[in-house]
Every structure is written in structure tokens, then in C-alpha cells.
Amino acid sequence: MNIFRLAGDLFHLISIFILIHKMTTSKSCSGISFKSQALYLLVYVTRYLDLFWTFALYNSTMKIIFIGSSAYVLHLMTGPFKPTHDPNIDTFKVRYLIGGAAILALLFPYKWTPAEVLWTFSIWLESVAILPQLFMVQRTGAAETITTHYIFALGAYRALYIPNWIYRYLTSTFWDPLSIIAGVIQTVLYSDFFYIYYTKVLQGRKFELP
Amino acid sequence: EAKPSRHDEL
Chain R
91 MNIFRLAGDL
101 FHLISIFILI
111 HKMTTSKSCS
121 GISFKSQALY
131 LLVYVTRYLD
141 LFWTFALYNS
151 TMKIIFIGSS
161 AYVLHLMTGP
171 FKPTHDPNID
181 TFKVRYLIGG
191 AAILALLFPY
201 KWTPAEVLWT
211 FSIWLESVAI
221 LPQLFMVQRT
231 GAAETITTHY
241 IFALGAYRAL
251 YIPNWIYRYL
261 TSTFWDPLSI
271 IAGVIQTVLY
281 SDFFYIYYTK
291 VLQGRKFELP
Chain V
319 EAKPSRHDEL
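In order, the protein sequences belong to chains R and V. Residues 91 to 300 (my numbering) are what the first sequence spells out, left to right. Residues 319 to 328 (my numbering) are what the second sequence spells out, left to right.
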């Protein structure tokens, strides 16, 4: 563990908290992409299969929180707040994301075992899982401030993993090329969003695309 | 911390 990874994980927790807080206080999931949320649940379920055979207090607790909160968000979106979700603006074709991640996972896993292939699938899928959400924001041309805070916190999580990987490489010469490539792609996808977030939202203006 | 592994990250 190092400070970058801890900070990244905390941002991840904060993002989940912001999302659930937004939905429960406004009793609405407007502006949130159901498709992105469903992809995240798929990411966590396929990556954290090792919950069944390894235990580490910090990691296992976080994994359970991520799976549980993700399932809870989907429950809110399909149950109580379903009327506030507009599928007509959530139209990103996720089959290409799932298909692409599946192909990469089958071609280049570290080992050809079900758990390792699914782990690799989850890494690639996570790197692009935000796209339906960003696409939705782009389509509507604006987003509620709370939604932008959510997307920012989620992006900051993977961005902070980059210094974590540099630190791990320097201190224990450990590196995992797959995670790093996918993590950098993921961060790059957020970069436009980060830029607009910094220049608009943090200066107290509404998030609107130029 | 045990042997570094990619599975020790979230």
C-alpha cells in the first residue's frame, strides 16, 4: 500500500458516496448512465472473483463495498427511481465495449484460466466503462454539478493509480503492463472532462460543453 | 505486504 493507491481508493469510495447521495436526496437518477453503472457492476463481479479464495482485510472489504454499492445503484435505477431514467439519451452501444474487452481478454490474458481471462476482461472493460456516461453528458450538453463531481472523483481514482504504479515499480520493481496500459487509456478518456471540470465547475460555473 | 501481485490492487 502507498499513499497514491490509498488516495485513489478513497476517491473511488467518495465517487460512490456522491452518486448514491445524489440519487437518494434528489430521488432521481437523471443524468446518470444506466449502461455505465451496469458495466461497472460487471467489472467488479468479474475482477473480484478471488474473494472466494483469498482474504485480505482491506482489499476484501473494499471489493465487497464496490460490488454491493454497484448492485445497490442498479437496484435504485431499476426500481424506485426507474421513472426518472430516460433510456432515450443513454444510447451508447455497449456491445462494442464488451466485445472488445472480451476479445482482448481472450487473446492476451496472463494465463488462460477462467479467473485470469475474466480479470483481464474486467481491466479492459473498466478502462472504457465511463464512455456511455460521458456520451450522455455530451449529448445533453450539460450536467448537474453533483454529476460532474461524481465523474471527477471516479476519474481521479484511476488517475491516482498511475503514480501508484510508478511508485511500485521504483520501490519493488513490480509492474503490471496490462493494468498500466488500460489505466492510462482510462485516464486519457477523462482528460477532456477534467479540463472542462477545472475550467468551469471549480470556478463555480455550470458544466456546459463549449 | 505479501509478494507483489496485480491482484492486490482494486
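Think of the CB as a built atom: it goes at the ideal place given N, C-alpha and C, for glycine as much as any other residue. As the structure is a computational prediction, the values presented were derived from the model and not from experiment.
(1) How would you call Tyr280/R, buried or exposed, if buried means at least 16 neighbouring beta carbons within 10 angstroms?
(2) Can you tell me where the alpha helix (DSSP H) holding Ala97/R begins and where it ends?
(3) Can you pull the chain V residues whose beta carbon is under 9 angstroms from the beta carbon of Met152/R, in chain order?
(4) By the 10 Å Cβ neighbour count, where 16 or more other Cβ atoms means buried, how is Phe107/R classified, buried or exposed?
(5) Is Ser269/R close to chain V, meaning its C-beta is less than 7 angstroms from at least one C-beta of that chain?
(6) Step through the CB atoms of chain V and report whether any lies within less than 7 angstroms of the CB of Phe198/R.
(7) Return yes when at least one heavy atom of the ligand NAP lies under 6 angstroms from the C-beta of Ser212/R, else no.
(8) Does DSSP classify Lys296/R as helix, strand or coil?
(9) Tell me the rounded alpha-carbon separation between Lys172/R and Leu109/R.
(10) Starting from the C-beta of Tyr285/R, find all residues in its chain whose C-beta is less than 6 angstroms away, skip the five residues before and the five after it, and write them out in chain order.
(11) Does Gly245/R pass the burial test, meaning 16 or more other C-beta atoms within 10 Å, or should it be called exposed?
(12) Looking at Phe124/R: is its Cβ nearer than 7 angstroms to the Cβ of Asp176/R?
(13) Counting only beta-carbon atoms, is Ser262/R nearer than 7 angstroms to chain V?
(14) In the structure shown, what three-state DSSP assignment does Ala364/R receive?
(15) Anything in the stretch 169-186 of chain R with a Cβ closer than 8 angstroms to a Cβ of chain V? List those residues in chain order, please.
(16) With 16 as the cutoff for other CB atoms within 10 Å, does Leu260/R come out buried or exposed?
(17) Is the CB of Pro322/V under 7 angstroms away from at least one CB in chain R?
(18) Quick check on the DSSP output: the alpha helix (DSSP H) that includes Ile193/R runs from which residue to which?
(19) Counting only Cβ-Cβ distances shorter than 9 angstroms, please list the residues of the stretch 95-107 of chain R near chain V, keeping chain order.
(20) Is the Cβ-Cβ distance between Leu315/R and Ala205/R less than 7 angstroms?
(21) With Ser160/R as the anchor, note down where its alpha helix (DSSP H) starts and where it stops.
(22) Quick check on the burial criterion: 16 or more other C-beta atoms within 10 angstroms. Buried or exposed for Trp255/R?
(23) My parser needs the beta strand (DSSP E) runs of 3 or more residues fully inside the stretch 250-297 of chain R; what are they?
Taking the geometry as given:
(1) Buried, by the Cβ-count rule.
(2) Its alpha helix (DSSP H) spans residues Ile93 to Ser116.
(3) Within 9 angstroms Cβ-Cβ: Leu328.
(4) Within 10 angstroms of the beta-carbon of Phe107/R lie fewer than 16 other beta-carbons, which makes it exposed.
(5) At a cut-off of 7 angstroms, the C-beta of Ser269/R has a neighbouring C-beta in chain V.
(6) So, not an interface residue.
(7) Summarising the ligand content, the structure contains no ligands, and the ligand NAP is consequently not present.
(8) Coil, per DSSP.
(9) When only Cα atoms are considered, Lys172/R and Leu109/R end up about 15 angstroms apart.
(10) Taken in chain order, the list of residues that qualify is empty.
(11) Here Gly245/R is buried: its Cβ has 16 or more other Cβ atoms, across all protein chains shown, within 10 Å.
(12) Result no, Cβ atoms of Phe124/R and Asp176/R do not sit closer than 7 angstroms.
(13) The Cβ of Ser262/R sits closer than 7 angstroms to at least one Cβ of chain V.
(14) The question about residue 364/R has no answer, for chain R in this structure spans 91 to 300.
(15) Using a CB distance below 8 angstroms, no part of the stretch 169-186 of chain R faces chain V.
(16) With fewer than 16 other Cβ atoms within 10 Å, it is exposed.
(17) The beta carbon of Pro322/V sits closer than 7 angstroms to some beta carbon of chain R.
(18) For Ile193/R, the uninterrupted alpha helix (DSSP H) run begins and ends at Val184 to Leu197, by DSSP.
(19) So the close ones are Arg95, Gly98, Asp99 and His102.
(20) One cannot answer for residue 315/R here, as it falls past the ends of chain R, which runs 91 to 300.
(21) From DSSP, the alpha helix (DSSP H) with Ser160/R extends over Leu147 to Thr168.
(22) Flag for Trp255/R reads buried.
(23) Annotation: the stretch 250-297 of chain R contains no complete segment of the beta strand (DSSP E) (minimum length 3 residues).
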